[in-house]
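Numbering (our numbering), first residue to last: 4 to 237.
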Amino acid sequence: MKVGVIQSSFIPWRGYFDFIASVDAFVFLEDVQYTSCGWRNRNKIKTPKGTEWVTIPVMRGGKDLLIRDAKIDCSQGWIKRLQGSWTTNYGRSEFFNETVELLAEIETTRYENLSSLNIELTKRICDYLSITTPLIDSSDLSLEGTKTDRLIDLLKKLNATSYLSGPSADVYLDKEAFRRNGIRLEYKSYDYEPYPQLWGPFEGTVMVLDLIANCGPDAKNHIRSRTPDKVIIE
Numbered sequence: 004m005k006v007g008v009i010q011s012s013f014i015p016w017r018g019y020f021d022f023i024a025s026v027d028a029f030v031f032l033e034d035v036q037y038t039s040c041g042w043r044n045r046n047k048i049k050t051p052k053g054t055e056w057v058t059i060p061v062m063r064g065g066k067d068l069l070i071r072d073a074k075i076d077c078s079q080g081w082i083k084r085l086q087g088s089w090t091t092n093y094g095r096s097e098f099f100n101e102t103v104e105l106l107a108e109i110e111t112t113r114y115e116n117l118s119s120l121n122i123e124l125t126k127r128i129c130d131y132l133s134i135t136t137p138l139i140d141s142s143d144l145s146l147e148g149t150k151t152d153r154l155i156d157l158l159k160k161l162n163a164t165s166y167l168s169g170p171s172a173d174v175y176l177d178k179e180a181f182r183r184n185g186i187r188l189e190y191k192s193y194d195y196e197p198y199p200q201l202w203g204p205f206e207g208t209v210m211v212l213d214l215i216a217n218c219g220p221d222a223k224n225h226i227r228s229r230t231p232d233k234v235i236i237e
């Protein structure tokens, strides 16, 4: 049973969905501190002038605000700005209409909770990409401990035998904790083929809707890394 854990993000890049597709169960880590100016409430699109941030305004909640409790500031008209920017920069893409259908969730439901919006959009995109991995909210697991101990508690609750992590976690993960608990540790490989894009040289770090806008149903064939994940602890 391989498990992966990442905080929810606003329409993540394709590597996020490759990560989900690479595990047997995926956990949104929502009961941890919310940080502003991160991937939780913004992501990048491609424009004729290069990449550009699109951002969801979030109401201030103090330094102890958890991701699951972050509230969207619905007074700032961000939905119309997003729709306008998306139409301007992707209106001529071959599968533009399919992305509009995916984005419709934002306008029809009018979410006030950032985590709920991000998780629902991720689920919809997983469905589009034929990713069937079960998705779990960490808030439902009643976790104990801090840092690696908390992670090990999560993995034990899910009967995990293997943990997939992003490679940047190498600087803070207690690898011996995985060895002591008999849990295999792997680092995700993010190595992708370019795909056809609008607006000049390829840019791979934009939100996954760029891939869908340009490749449509074939997008699911462009989300898997070309190189295998790296085993750290057997």
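Beta carbons: idealized from backbone N, C-alpha and C, even for Gly. Please read all numbers here as calculations on a predicted model, not as lab measurements.
Exercise for the section: For W56, name the three-state secondary structure that DSSP assigns. Expected result: Along the sequence shown, one-based indexing puts residue 56 at 53. In the structure shown, W56 sits in a strand (DSSP, three-state: E or B).
Practice task
Taking the CB atoms as reference points, tell me whether K150 and G169 lie closer together than 8 Å.
Solution key: As a working mapping, residue 150 is identified with position 147 in the sequence shown. As a working mapping, residue 169 is identified with position 166 in the sequence shown. When the beta-carbon positions are compared, K150 and G169 stay at least 8 Å from each other.
Practice task
Using alpha carbons as the reference points, say which of L146, S165, T164 lies closest to D3.
Solution key: The question about residue 3 has no answer, for the chain in this structure spans 4 to 237.
Exercise for the section: Consult DSSP for A180 and reduce its assignment to one of helix, strand or coil. Expected result: The residue given as residue 180 occupies position 177 in the sequence shown. Secondary structure at A180: helix, using DSSP grouped into helix, strand and coil.
Exercise for the section: Hey, could you find the ends of the beta strand (DSSP E) T50 is sitting in? Expected result: Start at 1 with the first residue of the sequence shown, and residue 50 comes out as number 47. Counting along the chain, the beta strand (DSSP E) containing T50 begins and ends at 45-50.
Exercise for the section: Using a threshold of 8 Å, state whether the C-beta atoms of M271 and N162 are closer than that. Expected result: Past the boundaries of the shown model lies residue 271; the chain is included only from 4 to 237, so the question cannot be answered.
Practice task
Give me whichever residues DSSP pairs with V61 in a beta bridge.
Solution key: Position 58 of the sequence shown, counting from 1, holds the residue named residue 61. Looking at the DSSP assignment, V61 forms a beta bridge with I75.
Problem - Inter-residue Cα distance where the pair is I134 and D177 - result: As a first step, residue 134 is located in the sequence shown; it is residue number 131 there, counting from the start. As a first step, residue 177 is located in the sequence shown; it is residue number 174 there, counting from the start. Cα to Cα, I134 sits roughly 30 Å from D177.
Problem - Local conformation of G7 per DSSP, three classes - result: In the sequence shown, residue 7 corresponds to position 4, counting from 1. Secondary structure at G7: strand, using DSSP grouped into helix, strand and coil.
Practice task
State the Cα-Cα distance for the pair D34 and G94, rounded to the nearest angstrom.
Solution key: If you number the sequence shown from 1, residue 34 lands on position 31. If you number the sequence shown from 1, residue 94 lands on position 91. Here the alpha carbon of D34 sits roughly 37 Å from the alpha carbon of G94.
Exercise for the section: Determine the burial state of V174: buried for a count of at least 16 other Cβ atoms within 10 Å of its Cβ, exposed for fewer. Expected result: Stepping through the sequence shown from its first residue, residue 174 is reached at position 171. Flag for V174 reads exposed.
Handout entry: Completely contained beta strand (DSSP E) runs for the segment 114-148, where each covers 3 or more residues
Key = Taken in chain order, the whole beta strand (DSSP E) runs of length 3 or more contained in the segment 114-148 are 138-140.
Exercise for the section: Count the other C-beta atoms from every protein chain shown that fall within 10 angstroms of the C-beta of V234, then say buried if there are 16 or more, exposed otherwise. Expected result: The residue you call residue 234 lines up with position 231 of the sequence shown. So V234 counts as exposed.
Practice task
Would you give the residue range spanned by the beta strand (DSSP E) that I235 belongs to?
Solution key: The residue given as residue 235 occupies position 232 in the sequence shown. From DSSP, the beta strand (DSSP E) with I235 extends over 233-236.
Handout entry: Neighbourhood of Y131 by C-beta distance below 6 Å, restricted to the same chain and skipping five residues each side
Key = On the sequence shown, position 128 is the one that residue 131 refers to. So no residue of the chain qualifies.
Handout entry: Which residues DSSP lists as bridging E189, in chain order
Key = The count along the sequence shown starts at 1 and reaches residue 189 at position 186. Note: E189 sits in a beta bridge opposite L167, V234.
Practice task
Spatial neighbours of L32 within its chain, please: CB distance less than 6 Å, with the 5 preceding and 5 following residues excluded, ordered by chain position.
Solution key: Here residue 32 is taken as the residue at index 29 of the sequence shown, counted from 1. In its chain, beyond the 5 residues on either side, V8, Q10, S141 have a beta carbon closer than 6 Å to the beta carbon of L32.
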